[in-house]
Amino acid sequence: MPKPVAQSAPNAIVSSAHLAAGASPALSEVEYGLILAGHAFQRWMVLCAAAAGAPGLSPTEVLILHTVHHRGRPKRQAEILLALAIEDTHIATYAIRKLEAAGLVRTSRAGKEKLVAVTEAGAALCTRYAELREALLARAVRDAGPEAAKLSDAAALLRSLSGFYDQAARAATTV
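In this text, residue positions in the sequence shown follow the working numbering: the first is 26, and each later residue adds one.
Here it is, written out as structure tokens:
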């Protein structure tokens, strides 16, 4: 006998009721939360970078800049793509060119591989961004948001869900 189809709770906040009517209504709630959080995070990155002195950067460019700055060593473009789960090389290439034109990163070659390193200006921007993040966001979350353990649990949940979405995406290519 098949399992009964779960119904979403009447007070569930979802973006599409037809997606909440299946096997996992709570997943639809998470998806709507991801939509809202994703857009808010992208808006935050762009506006924080602008306030730090780099107006006009896209969310992808901000992410790449922080990734390149991470641990203070140059990164291969392939490492950047892997770390940020960017599948389209052209998106990263365009972003890196824009960051290079802005003087925030420099590129070089190690054999056939492109290396990307942060410049002094890029490092200074990352430092200013971190200061603004601390003052405007991190303190507010610490003082009024979820406790650190719950944030860590949420991060682990999101990483776990990303695996389910990746697997489902691979399966969808064969349907």
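Beta carbons are placed, not taken as given, at the ideal position from N, Cα and C, and that holds for glycine.
Using a Cβ distance threshold of 9 Å, L140 and R101 count as a contacting pair. With 16 or more other CB atoms across the displayed protein chains lying within 10 angstroms of its CB, A77 is buried. Here E145 is exposed, its C-beta having fewer than 16 other C-beta atoms within 10 Å. Here T132 is not near I111, since their CB atoms are 9 Å or more apart. When DSSP reads this structure, S133 sits in a beta bridge with L140. The criterion of a C-beta distance shorter than 9 Å is not satisfied by L72 and T92. About 6 Å separates the CB atoms of G147 and L90; that is less than 8 Å, so the two are in contact.
When the Cα atoms are used, R164 and C151 turn out to be separated by approximately 18 Å. If you draw a straight line from the Cα of I60 to the Cα of E138, it is about 35 Å long.
A distance below 6 Å between beta-carbons, with the five flanking residues on each side excluded, links A142 to the following residues of its chain, in chain order: P99, R131.
Between M70 and V87, the CB-CB gap stays under 9 Å.
Secondary structure at R101: strand, using DSSP grouped into helix, strand and coil. Residues of the same chain with a CB within less than 8 Å of the CB of V39, apart from the 5 flanking positions on each side, are S33, A45, P50, S53, E54, E56, Y57 in chain order. The beta carbon of R153 lies closer than 7 Å to those of A77, G78 in the same chain, with the five residues before and after it left out.
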